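When you line the sequence shown up against our numbering, it's residues 132 to 1248, in that order.
Before any comments, here is the structure.
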Amino acid sequence: MAKRKEENFSSPKNAKRPRQEELEDFDKDGDEDECKGTTLTAAEVGIIESIHLKNFMCHSMLGPFKFGSNVNFVVGNNGSWSAVVRSRLNATSASQVQAILLFQPCGKSAVLTALIVGLGGRAVATNRGSSLKGFVKDGQNSADISITLRNRGDDAFKASVYGNSILIQQHISIDGSRSYKLKSATGSVVSTRKEELIAILDHFNIQVDNPVSVLTQEMSKQFLQSKNEGDKYKFFMKATQLEQMKEDYSYIMETKERTKEQIHQGEERLTELKRQCVEKEERFQSIAGLSTMKTNLESLKHEMAWAVVNEIEKQLNAIRDNIKIGEDRAARLDRKMEEQQVRLNEAEQKYKDIQDKLEKISEETNARAPECMALKADVVAKKRAYNEAEVLYNRSLNEYKALKKDDEQLCKRIEELKKSTDQSLEPERLERQKKISWLKERVKAFQNQENSVNQEIEQFQQAIEKDKEEHGKIKREELDVKHALSYNQRQLKELKDSKTDRLKRFGPNVPALLEAIDDAYRQGHFTYKPVGPLGACIHLRDPELALAIESCLKGLLQAYCCHNHADERVLQALMKRFYLPGTSRPPIIVSEFRNEIYDVRHRAAYHPDFPTVLTALEIDNAVVANSLIDMRGIETVLLIKNNSVARAVMQSQKPPKNCREAFTADGDQVFAGRYYSSENTRPKFLSRDVDSEISDLENEVENKTAQILNLQQHLSALEKDIKHNEELLKRCQLHYKELKMKIRKNISEIRELENIEEHQSVDIATLEDEAQENKSKMKMVEEHMEQQKENMEHLKSLKIEAENKYDAIKFKINQLSELADPLKDELNLADSEVDNQKRGKRHYEEKQKEHLDTLNKKKRELDMKEKELEEKMSQARQICPERIEVEKSASILDKEINRLRQKIQAEHASHGDREEIMRQYQEARETYLDLDSKVRTLKKFIKLLGEIMEHRFKTYQQFRRCLTLRCKLYFDNLLSQRAYCGKMNFDHKNETLSISVQPGEGNKAAFSDMRALSGGERSFSTVCFILSLWSIAESPFRCLDEFDVYMDMVNRRIAMDLILKMADSQRFRQFILLTPQSMSSLPSSKLIRILRMSDPERGQTTLPFRPVTQEEDDDQR
């Protein structure tokens, strides 16, 4: 074998530049060595002939130097770090020393980096930096890389342009940009475009980013230690160019889809071209039909003239029909107006009747009051007369009894005198005289007591009567207070309920009713959902006017609005479920719902200082506002807080324009000539301060309760007084009777004693005369007693009659009071009904006026249309004297006339140039047929492409399987050189590749991941795997960086033999191996060239590289 060549290259600062003669001898020797021996076959295209660097990394000038066509070893120290470390140890820390070591490459690293960057590779792919500007030597503005590729033989790239070699020059600026110059073998510039460089690399199958072509030590370490089996699979796919085939297949399928889209667009274009072709053909054929078109045009004009007449007649008929319908509607509105007037009259009459009833009741009550008082006085007088008559009767009765007793005694005395004539003794007579005197004095004392007791009886009777009258008065007052308390308690309960639900202020059933309305509306029972209660839909701007507005609106606050009578019937049916028969229900207003509030500016009341009810309310719902305007005329009612001011505004002067009435803050109603006080003292529905209302009502309830308690105590005291006085009266009456009895008894004793004393001196005849006289007195007393009894009975009947009359009139007055309360409620409802009917009447009046305006407008339009019809008929007769029947409308005929005119004009314009029309038709037809042919061809191509791609994909899978088996075979074969065993598992479905190596013999050691191997074993395994990929991959040259750095001598020797053996078997490829070893033990061969690199310059200690994550790659330009 020939002696192998070995050269040293050094930078210009450390060594002299080799003479040109030496370089030429080197080239000559190398070429001669490669050409010797007919058995050796050298590569002809794509291999690297030479590299020259300027201002690149830490080298000012490196090269030019040349590579052999087969095996090239680039040897040199690893950066020769010792000199740098020695100069830095005293000034730097350990971390800074580490940074220096990482960024002080020697020449061989610069050569490998320049090879990647010079052939268009990215800066990141070199593992030396993230940007191209980092490769410019420190202190310089640019760097240059020159690479010469061999371009010989039949596979040369543009051999006539470039010659036997292609020179690739790359200029890198300090800002990271780069430019290319592609020169021929003679040195002339062929191109400066990167696309030309890419074409050259594709032609030579050079892939600088393919790890099979260029594999750095860092890339090999990262690959073999990667935990991701998918990354290994991608490494294999990229190395074998299967990934490129897969991407090509995907690109073809995308192209196929785009072609399908083009076919679709072509088919749409075909439709348009066909339409154009038909139009051209029609145009060509229309030349002969020009006269026919003119005739048709005239016919269409005749039809057009009478078609216009027909349309106007139709419009006239429609207007006449509308006028007829409008007149019918006007008649209906008249009838509705009459009905509304009747309802208004009925409502007014009803209001008047109720008002008359109330006035009649009030008059009757007032009229009966004096009579009641007179009857009461009459009852008292008649009671007193009866009592006096009873006293007189009792006196007469007692007198009669005394006379009767005297008569009996006289008779007895006469008998005694007749039997005995003896006279009493004188002492007995004196004793009797004394006793008579004593008895007379006693009678006189008893009579004085009787008069005193009689006076006491009259006083007690008067006191009892007075207490009874006061008791009745207080009892009635207690009843009134209890009624007021009950009303306040109900109102308090409603207010407390309204704190949780404001709607309960309008009635306890309102929330449930509204929920039922919502359900019915969701079920479609209502045309429009009813609105209400109206009081819940309005808000006060001034809370002080709450009572005034309530007094104005009254029952309308609880009313509901319906769109039509059908909705009203549904709402009435719902109300029956919540309001018992006989109880009052909320009123319902039927009025068409509108979205806008009435414009009432022309009829609204205005005062600069006082608002109307309409302006004092915030009403969001137009239906609510319109209903209140219709029903109550709230735009004409002023609100004036002060009563005296309200009287002055409404009565002392002329009321403001359009103002009918006014309400004060106390709820009083003021007309121009009348004033009505409010019965209410506080608002029930519109009060905002519910807590204050509740507090006031609670105080009022407490006061009413205390008042009832006081009244009851007073009643109890009166009852006790009455009872006590009655007891005293009974005692006095009993004492009075006892005194009467005593007086009669004493008088009787006096008479007896007197009779005893005188019996001797009085004869029997005298006694008999006295007895006869006594009997006459008895008869007279008896007659007088009978008269008194009759008088007493008469007085008693008069008393009973007077009491009955008094009770009857009192009952009547109470009845009238009870009748007045519901009549007042009815009067309020009737007043609301009157206002409702008035609003309804105004509503129909406005509708009637609006409708009459529209009807008159239609009539004027009818007159104008009739005149227009006469004009159009005159014009039509001028165009076509005889009327013809036309079926098409004027608009269609107008379009046909315009189209026909355009066609005739077009024919006129093109008439006489038949050849041009023919040419256009032929061109359109040819374009259509050409595109149709292309579309058909593309469809066939797509079909064929699908079949081919299916076949190619199967072939691709078979090829991938073959490469996989070859890679496994080569890997096992190479590992067996050191008695290693290995295993490669490919999973093409999940795209993973797992590699395991067994350093031991046979089954003595288990397979393990490559990361578990020693440095030498892992480097040897790396070499075996790379050589396996080299065996199945295609590339003109291969670069391997520091493949033996962690190997011991045995592994290095074995790996070197494997590489040299493969290089010897593949002499058509170039191998560039970078190692820090001296390679002095290599055998001599013409195929082996060793390039020894000198140490780099030491002027630049660090390279200005940045981490990959901090700066983007700037070489994509």
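Backbone N, C-alpha and C define an ideal beta-carbon position, used for all residues, glycine too.
All values reported here derive from a predicted model rather than from experimental measurement.
Rounded to a whole number of angstroms, what is the C-alpha to C-alpha distance between Val1066 and Gly397?
As a first step, residue 1066 must be located in the sequence shown, where it is residue number 935. As a first step, residue 397 must be located in the sequence shown, where it is residue number 266. Approximately 6 Å between the Cα atoms of the pair.
From Gln540 to Glu883, what distance separates their C-alpha atoms?
Position 409 of the sequence shown holds residue 540. Position 752 of the sequence shown holds residue 883. Distance between the alpha carbons of Gln540 and Glu883 is about 8 Å.
Find out if the Cβ-Cβ distance for the pair Leu298, Gly251 is shorter than 8 Å.
The residue labelled residue 298 in the question sits at position 167 within the sequence shown. The residue labelled residue 251 in the question sits at position 120 within the sequence shown. Contact: no.
Rounded to the nearest angstrom, what separates Ile492 and Lys851 at their Cα positions?
Here residue 492 refers to the residue found at position 361 of the sequence shown. Here residue 851 refers to the residue found at position 720 of the sequence shown. The alpha-carbon atoms of Ile492 and Lys851 are separated by roughly 38 Å.
Secondary structure at Gly603, three-state DSSP: helix, strand or coil?
Numbered from its first residue, the sequence shown carries residue 603 at position 472. In the structure shown, Gly603 sits in a helix (DSSP, three-state: H, G or I).
Just to confirm, are Cys408 and Tyr1087 a CB contact at a threshold of 8 Å?
By 1-based counting over the sequence shown, the position of residue 408 is 277. By 1-based counting over the sequence shown, the position of residue 1087 is 956. Contact flag unset, no.
Inter-stretch contact (C-beta, 8 Å, three-pair minimum) for the segment 371-378 and the segment 1196-1213:
no
Can you tell me which of the three DSSP states Pro1288 falls into?
Since the first residue shown for the chain is 132 and the last is 1248, residue 1288 is missing from the structure and cannot be characterised.
My output table needs one value for Pro195: the three-state DSSP class, helix, strand or coil.
Residue 195 sits at position 64 when you count from the first residue of the sequence shown. Collapsing the DSSP output to three states places Pro195 in a strand.
In chain order, which continuous runs of the beta strand (DSSP E) of length 3 or greater are located wholly inside the segment 1156-1180?
Given a length threshold of 3 residues, each whole run of the beta strand (DSSP E) inside the segment 1156-1180 is given here in chain order: 1168-1172.
So Thr795 is in the alpha helix (DSSP H); what residue range does that whole segment cover?
As a working note, residue 795 is residue 664 in the sequence shown. Judged by DSSP secondary structure, Thr795 falls outside any alpha helix (DSSP H); it is assigned neither H nor E.
Given this structure, state the Cα-to-Cα distance separating Leu705 from Tyr652, to the nearest angstrom.
Here residue 705 corresponds to residue number 574 of the sequence shown, with the count starting at 1. Here residue 652 corresponds to residue number 521 of the sequence shown, with the count starting at 1. Approximately 12 Å, taken between the alpha carbons.
Under three-state DSSP, which class holds Asn1121?
The residue labelled residue 1121 in the question sits at position 990 within the sequence shown. In this structure, Asn1121 counts as coil in the three-state DSSP scheme.
Please list, in chain order, all residues of the same chain as Leu431 whose beta carbon is under 7 Å from its beta carbon, the five residues on each side excluded.
Here the question's residue 431 lines up with position 300 in the sequence shown. Here the set comprises Leu1024, Glu1027, Ile1028 and Leu1031.
Can you list, in chain order, the residues of its chain with a C-beta nearer than 7 Å to that of Ile545? Leave out the 5 residues immediately preceding and following it.
As a working note, residue 545 is residue 414 in the sequence shown. Contacts found: Ile895, Leu898, Glu899 and Ala902.
Rounded to whole angstroms, what is the Cα-Cα separation between His614 and Ser948?
One-based indexing of the sequence shown puts residue 614 at position 483. One-based indexing of the sequence shown puts residue 948 at position 817. Going by the C-alpha atoms only, they are around 14 Å apart.
Considering only their Cβ atoms, is the gap separating Cys683 from Ala736 smaller than 8 Å?
One-based indexing of the sequence shown puts residue 736 at position 605. One-based indexing of the sequence shown puts residue 683 at position 552. No, Cβ-Cβ distance for Ala736 and Cys683 is not below 8 Å.
Tell me the start and end of each unbroken alpha helix (DSSP H) in the segment 606-671 that is at least 4 residues and wholly inside, in chain order.
641-653
With H, G and I counted as helix, E and B as strand and the rest as coil, what does DSSP make of Lys1114?
For the purposes of this step, residue 1114 is identified with residue 983 of the sequence shown, where counting begins at 1. Note: Lys1114 maps to strand in three-state DSSP.
In this structure, how does DSSP classify Met1224 when only helix, strand and coil are distinguished?
As a working note, residue 1224 is residue 1093 in the sequence shown. Note: Met1224 maps to strand in three-state DSSP.
Keeping to the same chain, check which residues put their C-beta closer than 8 Å to that of Leu671; ignore five residues upstream and five downstream.
Within the sequence shown, residue 671 is the residue found at index 540, counting from 1. Once the five neighbours on either side are set aside, the close Cβ partners of Leu671 are Ala677, Ile680, Ala747, Leu748, Glu749, Leu817 and Arg819.
Beta carbon of Ser527, beta carbon of Met911: below 8 Å?
Residue 527 sits at position 396 when you count from the first residue of the sequence shown. Residue 911 sits at position 780 when you count from the first residue of the sequence shown. Not a contact, by the Cβ cut-off of 8 Å.
Do you know whose CA, among Glu596, Arg1014 and Leu870, lies nearest Val574's CA?
Stepping through the sequence shown from its first residue, residue 574 is reached at position 443. It is Leu870.
In its own chain, which residues sit with a C-beta less than 7 Å from the C-beta of Leu645, not counting the 5 before and 5 after it?
As a first step, residue 645 must be located in the sequence shown, where it is residue number 514. Setting aside the 5 residues that flank it on each side, Leu645 is surrounded in the same chain by Leu634, each with a C-beta closer than 7 Å to its C-beta; the list follows chain order.
In the DSSP assignment, find the alpha helix (DSSP H) that holds Lys365 and state where it starts and stops.
Numbered from its first residue, the sequence shown carries residue 365 at position 234. Per DSSP, Lys365 belongs to the alpha helix (DSSP H) from Glu360 to Ala370.
DSSP bridge partner residues for Asn282 (one or two, in chain order)
Counted from its first residue, the sequence shown places residue 282 at position 151. Answer by DSSP bridge pairing, in chain order: Val176.
Does the segment 597-604 come into contact with the segment 793-812, if we say contact requires no fewer than three beta-carbon pairs (one atom in each stretch) closer than 8 Å?
no
Which residue wins for smallest C-alpha separation from Lys1192, given the options Ser1159, Ile588, Leu280 and Arg621?
Counting from 1 along the sequence shown, the entry for residue 1192 is found at position 1061. Taking the Cα of Lys1192 as reference, the smallest distance to any Cα among Ser1159, Ile588, Leu280 and Arg621 is reached at Ser1159.
Ile720 - containing beta strand (DSSP E), residue span
Here residue 720 is taken as the residue at index 589 of the sequence shown, counted from 1. Annotation: the continuous beta strand (DSSP E) that includes Ile720 extends over Ile719 to Val721.
So, helix, strand or coil for Thr714, using DSSP?
The residue given as residue 714 occupies position 583 in the sequence shown. Coil, per DSSP.
Using the Cβ count rule (16 or more neighbours within 10 Å means buried), how would you classify Lys1120?
Locating residue 1120 in the sequence shown gives position 989, where the first residue counts as 1. So Lys1120 counts as exposed.
Quick check on DSSP: helix, strand or coil for Ser1209?
If you number the sequence shown from 1, residue 1209 lands on position 1078. In this structure, Ser1209 counts as coil in the three-state DSSP scheme.
Bridge partners of Arg309, per DSSP?
Locating residue 309 in the sequence shown gives position 178, where the first residue counts as 1. Ile303.
May I ask which residues mark the beginning and end of the alpha helix (DSSP H) holding Glu699?
Reading the sequence shown from its first residue, position 568 is the one you call residue 699. Note, Glu699: alpha helix (DSSP H), His696 to Lys707.
Inter-residue spacing [alpha-carbon to alpha-carbon] between Gln838 and Arg973:
Translated into positions along the sequence shown, residue 838 becomes position 707. Translated into positions along the sequence shown, residue 973 becomes position 842. C-alpha separation (whole angstroms): 51 Å.
Span of the alpha helix (DSSP H) around Val776:
For the purposes of this step, residue 776 is taken as the residue at position 645 of the sequence shown. That run of the alpha helix (DSSP H) goes Asn774 to Arg778.
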